[in-house]
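Enquirer: A single structure is presented below for examination.
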Amino acid sequence: MQFERTRFRFYNQNSNGKLGDHGWLNYNDFATVKQFTDPNKKETYTIHYDNGILKIDQNEIDVELALKVTRDLDMKKGQIIGYTGSTGNSYQGKKANHLHFNTYINNKSVLPYEEFKEYFGLDISGGETSKKQDGVTPSSKW
2 MQFERTRFRF YNQNSNGKLG DHGWLNYNDF ATVKQFTDPN KKETYTIHYD NGILKIDQNE
62 IDVELALKVT RDLDMKKGQI IGYTGSTGNS YQGKKANHLH FNTYINNKSV LPYEEFKEYF
122 GLDISGGETS KKQDGVTPSS KW
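Heads up, the sequence shown is in our numbering, so the first residue is 2 and it goes up one at a time.
Listed below in structure tokens is the structure:
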């Protein structure tokens, strides 16, 4: 997903891989609960926006937090950069929680685990987090 101050969208690339300016939805249009069908995934979601929280099905997105995580942001140990969830922009479908985390060194994509494994413990098999996923409860509640 992609977030801006007044709008969001489920996808940010069209079929040829170029970033387009299509698919944007305004938060205020979802002040009451509405159904939305993602034109790419053909899946329907229940969406509601209230007081800075965007709820898509049972997943909650803190929009202010999403806006704070930006390119070239210096991070501190223990700082929250995101929660797992599934908002429909995953090939696994809308019930498979995940978190996209990309790392670049000198503008080249690197595998974060390989670069930083000495700094944190990570179960790259996904076994530990998979046990906690129920497709409904956001990781912020684990």
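Built from N, CA and C at the ideal position, the CB exists for glycine as well.
Of the residues 7, 119, 62, 103, which one's Cα is nearest the Cα of residue 25?
Expert: Of the candidates 7, 119, 62, 103, the one whose C-alpha sits nearest the C-alpha of residue 25 is 7.
Enquirer: Note the first and the last residue of the continuous beta strand (DSSP E) segment covering residue 61.
Expert: First-last of the beta strand (DSSP E) with residue 61: 60–63.
Enquirer: Measure the Cβ-Cβ separation of residue 70 and residue 82 and say whether it is below 8 Å.
Expert: Result yes, Cβ atoms of residue 70 and residue 82 sit closer than 8 Å.
Enquirer: Determine the extent of the beta strand (DSSP E) in which residue 36 is found, giving its start and end residues.
Expert: Residue 36 -> beta strand (DSSP E) spans 35–38.
Enquirer: For residue 74, which of 53, 22, 103 has the nearest alpha-carbon?
Expert: Looking at the Cα atoms, 103 is the closest of the given residues.
Enquirer: Under a three-way DSSP split, which group does residue 75 fall into?
Expert: Residue 75: coil per DSSP, three-state reduction.
Enquirer: From 49, 66, 43, 33, pick the residue whose C-alpha is nearest to that of residue 4; which is it?
Expert: Among 49, 66, 43, 33, the Cα nearest to that of residue 4 is on 66.
Enquirer: Residue 30 by DSSP, collapsed to three states: which one?
Expert: Here residue 30 sits in helix by DSSP.
Enquirer: Checking 8 Å against the spacing of the C-beta atoms, do residue 59 and residue 45 come in under that value?
Expert: No; because the gap between Cβ atoms is not below 8 Å, this pair is not in contact.
Enquirer: By a C-beta neighbour count over all protein chains shown, 10 Å radius and 16 as the cutoff for buried, is residue 62 buried or exposed?
Expert: Looking at its Cβ environment, which holds 16 or more other Cβ atoms inside 10 Å, residue 62 is buried.
Enquirer: Between residue 52 and the rest of its own chain, which residues show a CB-CB distance below 6 Å, the 5 nearest in sequence each way excluded?
Expert: Taken in chain order, the list of residues that qualify is empty.
Enquirer: Residue 50: buried (16+ other C-beta within 10 angstroms of its C-beta) or exposed?
Expert: Counting Cβ neighbours within 10 Å, residue 50 comes out buried, since at least 16 surround it.
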